[in-house]
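Enquirer: Sharing a structure with you now.
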Amino acid sequence: MPPLVSDEILRKIQAGDDLSGMDLSGVDLKGISLRKLRARAVKLRQAGLKGCDLTGSDLAGADLSGANLHGAFLNDCDLTEADLSGADLRFCKLTGAKIEGTNFNGALYDRMTRFDPGVVRPFDAMIKKDEGRGIFLN
Numbered sequence: 016m017p018p019l020v021s022d023e024i025l026r027k028i029q030a031g032d033d034l035s036g037m038d039l040s041g042v043d044l045k046g047i048s049l050r051k052l053r054a055r056a057v058k059l060r061q062a063g064l065k066g067c068d069l070t071g072s073d074l075a076g077a078d079l080s081g082a083n084l085h086g087a088f089l090n091d092c093d094l095t096e097a098d099l100s101g102a103d104l105r106f107c108k109l110t111g112a113k114i115e116g117t118n119f120n121g122a123l124y125d126r127m128t129r130f131d132p133g134v135v136r137p138f139d140a141m142i143k144k145d146e147g148r149g150i151f152l153n
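Per this note's numbering, numbering through the sequence shown is continuous, rising by one, with the last residue being 153.
If you want it as structure tokens, here you go:
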């Protein structure tokens, strides 16, 4: 079970403070609005982010490996060079997200994982290039 979020972290999130570089690995932020979060290179390994609204957040270089992002809104997020390996991206919305250099190896996704229309899903591209595997679940 992920550790509970401290009152201090919740205050920082609510105040819109910059969380860049912090280590929040394993925290449970399920369902919390994190819109426009400033958190470059934040460590959120194995974090519980199910259903979070991260719309417009700056997560460039963040470590979200193994995070539960099931049903999260990552629309218009900067995920450049972020690590989403092994993350649960089922039902995730990533329209408008910047995903250049993002690591999606071993991420879970499904038919409801959404990117911009016409954009090749990174999972499909990785499978075609045989560089890694996203895990498709119906």
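Beta carbons: idealized from backbone N, C-alpha and C, even for Gly.
Does the beta-carbon distance from Lys108 to Leu79 come in below 8 Å?
Expert: The answer is no: Cβ separation not under 8 Å.
Enquirer: According to DSSP, simplified to helix, strand and coil, what is Leu39?
Expert: If DSSP states are grouped into helix, strand and coil, Leu39 belongs with coil.
Enquirer: Identify, in the order they occur along the chain, each residue of the same chain with its Cβ nearer than 6 Å to the Cβ of Asp33, setting aside the five sequence neighbours on each side.
Expert: Arg53
Enquirer: Does DSSP put Arg26 in a helix, a strand or coil?
Expert: helix
Enquirer: Do Ser35 and Arg60 count as a contact pair if the criterion is CB distance below 8 Å?
Expert: no
Enquirer: Under the assumption that Ala97 contacts Ala77 (Cβ atoms under 8 Å), give the Cβ distance between them as a whole number of angstroms.
Expert: With 8 Å as the limit, Ala97 and Ala77 qualify as a contact, their Cβ atoms being about 5 Å apart.
Enquirer: In its own chain, which residues sit with a C-beta less than 7 Å from the C-beta of Lys143, not counting the 5 before and 5 after it?
Expert: Only weak support is given to the placement of Lys143: the predicted model assigns it a pLDDT of 38, under 50, and the question is left unresolved by the model.
Enquirer: For Leu49, I'd like the list of residues in its chain whose CB is within less than 7 Å of its CB, leaving aside the five on either flank, ordered along the chain.
Expert: Once the five neighbours on either side are set aside, the close Cβ partners of Leu49 are Ile28, Cys67, Asp68, Leu69 and Ser72.
Enquirer: Just verifying my parser: in three-state terms, what is the DSSP assignment at Lys45?
Expert: coil
Enquirer: Rounded to the nearest angstrom, what separates Thr128 and Ser21 at their Cα positions?
Expert: 30 Å
Enquirer: How should Arg126 be labelled, buried or exposed, when 16 other C-beta atoms within 10 angstroms of its C-beta is the threshold for buried?
Expert: exposed
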